[in-house]
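Student: Below are the structure tokens for one structure; questions will follow.
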Amino acid sequence: MISIWKREMQGYFCTPVGYLFMGVFLALASVMFYLQILKQRSSDLLTFIGQMSYLWMLLSPVLTMRLLAEERQKRTDQLLLTSPVSLPGIVLGKYLAAVTVLLLTVALTMVYALIVAIYGQVYSGELAVGLGGFVLQGCAFVAMDLMISGFAGTPVSAAVLAFGGNFALWIMDMVAGSVSIGFVAQALDFFSLYARNEPFLMGQLSFASIGYDLSFILGCLAITVHALDSRRYRGA
Amino acid sequence: MIELRHVSKRYGATEAVHDLSFSAPDGQIVGLLGQNGAGKTTTLNMLTGYFPPTSGQVLVNGMDMLAKSRQCKRCIGYLPEKPPLYDEMTVRGYLRFVCELKEVERRAIPGHVEDIMAICGLTEVRERLVGHLSKGYRQRVGIAQALCGDPPVIVLDEPTVGLDPRQVVEIRQLMREMGKRHTVLFSSHLLPEIQQLCQRVIILHHGRLVREADMSELSGEGTTLRLRASIAMRERTLLPALKGLPCVRRVKVLPTPHAEITEVELECDRQGGERGDPQTQLFRLLCGLDAPIRMLYPLGDSLEEVFLRATSEG
Chain H
1 MISIWKREMQ GYFCTPVGYL FMGVFLALAS VMFYLQILKQ RSSDLLTFIG
51 QMSYLWMLLS PVLTMRLLAE ERQKRTDQLL LTSPVSLPGI VLGKYLAAVT
101 VLLLTVALTM VYALIVAIYG QVYSGELAVG LGGFVLQGCA FVAMDLMISG
151 FAGTPVSAAV LAFGGNFALW IMDMVAGSVS IGFVAQALDF FSLYARNEPF
201 LMGQLSFASI GYDLSFILGC LAITVHALDS RRYRGA
Chain S
1001 MIELRHVSKR YGATEAVHDL SFSAPDGQIV GLLGQNGAGK TTTLNMLTGY
1051 FPPTSGQVLV NGMDMLAKSR QCKRCIGYLP EKPPLYDEMT VRGYLRFVCE
1101 LKEVERRAIP GHVEDIMAIC GLTEVRERLV GHLSKGYRQR VGIAQALCGD
1151 PPVIVLDEPT VGLDPRQVVE IRQLMREMGK RHTVLFSSHL LPEIQQLCQR
1201 VIILHHGRLV READMSELSG EGTTLRLRAS IAMRERTLLP ALKGLPCVRR
1251 VKVLPTPHAE ITEVELECDR QGGERGDPQT QLFRLLCGLD APIRMLYPLG
1301 DSLEEVFLRA TSEG
């Protein structure tokens, strides 16, 4: 698993993918920071984090599109699947590599908190909870998009499908608000990654949301492993 | 040793491999021969654990591939038809990665990688990106990755396809060297390649095994025996006598510089009949004609003939 993680990290930073993800994320986050914090002379970092969370929807597919789909397209999966490495080990190695890039990016966003701390007041506990929820939400998007990459045949189709999936999750939130049938609205609300993030954005440490996010991540990874295994059995 | 027992593979309604059983003994170079679509790649993919068979058993050193997949995979190095290379890695970085995958002891990896690069002639391109290498070098890197971890069994799927003649010669030489230390199983549809390299050949046709034999066994099979003879007698006198022999089916005269010497290739019935085997009948005939035999030897069946016979029967 560690060797897979190392190779994927090399894959991110020996190609433009890692830099592209971090660069675009930070560029867009900086625009948001200017509009939300600097221009309005606000120190409300939680609202800013809430806005940044929409970047996962846009950019998570960049991190995950190559992970499994490219292996399949280039047939390099033959090396992995004929080596003494387990399928969960392969999937986890790849997932953790994507999460590492995500964490590095989030670490760089701490510059914004530093700027606010210089000119205003930052509540560190509130910020830590907000960032924790933000990271968990990002990890959940990465897990889902990795799963989609496992089903896709090419990196491009993986990216398009992952973006579609992320967009559907976002739409789910809006649909939940406008649906009049009670249990449907409740169900949509229950499964929404954005609704689950709301307590964190209010500075509340929600174990229910943590539990949901972790279950979501594990579920996606388990489905990915199962998808790869079933493809092996089909010989596809 | 690797062994397949009654292995079948279905892709939906299509049966790619049907009830296949064979083994590759230790220390041999074994060739898997078949036309395109004969099931060679499917067989190798099952054998290396890339995917499991629909039914049957794959055994590596007596261990079941499904039950002890990890241990089995440690014993096999595999070069698929398209080498599984990461273009953004250097040759050395890639081989290090494969060594880590194959669970080579961390401290031993640098030395092991250097050895493999030396064996495969990759030392001079060690720091180059795999994506920048020529096809021949990429194939060498593919073979090098199969050698990582020093597995006892090396499986190569059409290792010389798409290479230029010089590269083909180099890769074949590399395979010969590998055959001295490993059991090598490789697939090919090139008959001369199998003939040059293998001690044993397995012929597949439409996913079924139609022939399995040592290369030495292949000469001297079938109902036809071909003999080549050089006889000190004029063609005009000799030919009618040869054609009169009951076991002789066909006589082909070969050109010679001397009119008194006739060189012929005979196609005979291997059984010969009541008068003995074809060589005995020929000897007796020529003794009777007082025609000295300058040379007489049987011609082995070419692999091409064996292959055509096996696949037409199958």
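These protein sequence lines map, in sequence, to chains H and S. Under my numbering, think of the first position of the first sequence as 1, with each following residue one higher. Under my numbering, think of the first position of the second sequence as 1001, with each following residue one higher. For each residue, glycine too, the CB sits at the ideal point set by N, CA and C.
1) According to DSSP, simplified to helix, strand and coil, what is Arg-1070/S?
2) Quick one: using the 10 Å Cβ neighbour count with 16 as the cut-off for buried, is Pro-1084/S buried or exposed?
3) Is Asp-1290/S helix, strand or coil when you go by DSSP?
4) At least one CB of chain S closer than 9 angstroms to the CB of Gln-40/H: is that the case?
5) Select from the stretch 74-88 of chain H all residues with a C-beta closer than 9 angstroms to any C-beta belonging to chain S, and list them in chain order.
6) Just the C-alpha distance for Gly-1314/S and Glu-1124/S, rounded to the nearest angstrom, thanks.
7) Here's a check: name, in chain order, each residue in its chain whose Cβ is nearer than 6 angstroms to the Cβ of Gly-1056/S, leaving out the five neighbours to either side.
8) Specify, as a first and last residue, the run of the alpha helix (DSSP H) that Ile-4/H falls within.
9) Using a beta-carbon distance cut-off of less than 8 angstroms, what residues from the stretch 195-208 of chain H approach chain S?
10) Taking the C-alpha atoms as reference points, what is the distance between Glu-1177/S and Val-1184/S?
11) Step through the CB atoms of chain S and report whether any lies within less than 9 angstroms of the CB of Gln-121/H.
12) Whose C-alpha, out of Thr-224/H, Ala-185/H and Glu-198/H, is nearest the C-alpha of Ser-257/H?
13) DSSP has Val-1153/S in a bridge; who is on the other side?
14) Per DSSP, Arg-1005/S is paired with what?
15) Going by alpha carbons, who is nearest to Ile-49/H out of Arg-234/H, Asp-229/H, Glu-198/H and Tyr-212/H?
16) Give the DSSP-derived three-state secondary structure of Gly-1062/S in the structure shown.
17) What does the alpha-carbon distance come out to for the pair Ser-53/H and Phe-134/H?
18) Let's see if you can read the secondary structure: which residues bound the beta strand (DSSP E) around Gly-1031/S?
19) Does the beta carbon of Gly-11/H sit closer than 9 angstroms to a beta carbon anywhere in chain S?
20) Would you please verify whether the beta carbon of Leu-1033/S is less than 9 angstroms from any beta carbon of chain H?
21) Only counting the same chain, and skipping five residues up and downstream in sequence, which positions put a Cβ closer than 6 angstroms to that of Asp-145/H?
22) Kindly indicate which three-state DSSP category Val-1264/S falls into: helix, strand or coil?
23) Check whether the Cβ of Leu-1242/S lies closer than 8 angstroms to any heavy atom of the ligand MN, and answer yes or no.
24) Are the beta-carbon atoms belonging to Leu-1227/S and Leu-1285/S less than 9 angstroms from one another?
25) Which residues in the same chain as Leu-103/H place their Cβ atom closer than 6 angstroms to its Cβ, once the five residues preceding and following it in sequence are excluded?
26) Evaluate the contact criterion for the stretch 1143-1159 of chain S versus the stretch 1035-1046 of chain S: three or more CB pairs, one atom per stretch, below 8 angstroms.
27) Kindly confirm or deny that the stretch 1059-1073 of chain S and the stretch 1083-1098 of chain S touch, where touching means at least three C-beta pairs closer than 8 angstroms.
28) Measure the beta-carbon distance from Arg-196/H to Ser-209/H and round it to whole angstroms, keeping in mind my assumption that it falls under 8 angstroms.
29) For Ile-217/H, which of Tyr-194/H, Gln-137/H and Ser-3/H has the nearest alpha-carbon?
30) Measuring only the C-alpha atoms, how far is Lys-1243/S from Ser-1187/S?
31) Using 10 angstroms around the beta-carbon of Pro-1052/S, count the other beta-carbons present and answer buried if the total reaches 16, otherwise exposed.
32) In three-state terms, what does DSSP make of Val-1210/S?
33) In angstroms with no decimal places, state the Cα-to-Cα distance between Pro-1298/S and Cys-1198/S.
34) With DSSP as the reference, please indicate the residues paired to Ala-1229/S in a beta bridge.
35) Would you say Gly-1077/S and Gln-1173/S are within 9 angstroms of each other, going by their C-beta atoms?
Tutor: The answer reads as follows:
1) helix
2) buried
3) coil
4) no
5) Lys-74, Arg-75, Thr-76, Asp-77, Gln-78, Leu-79, Leu-80, Leu-81, Thr-82, Ser-83, Pro-84, Val-85 and Ser-86
6) Its pLDDT being 46, under 50, Gly-1314/S is placed unreliably by the model, and the measurement read from it follows with that caveat. Distance between the alpha carbons of Gly-1314/S and Glu-1124/S: 47 angstroms.
7) Arg-1005, His-1006, Val-1007 and Ser-1008
8) 2-13
9) none
10) 10 angstroms
11) no
12) Nothing about residue 257/H can be read from this structure; chain H reaches only from 1 to 236.
13) Ile-1076/S and Thr-1183/S
14) Gln-1057/S
15) Glu-198/H
16) coil
17) 6 angstroms
18) 1029-1033
19) yes
20) no
21) Ser-60, Pro-61, Thr-64 and Ala-162
22) strand
23) Only the bare structure without any ligand can be found here, which leaves the ligand MN out of the picture.
24) no
25) none
26) yes
27) no
28) 5 angstroms
29) Gln-137/H
30) 43 angstroms
31) buried
32) strand
33) 22 angstroms
34) Val-1264/S and Leu-1296/S
35) no
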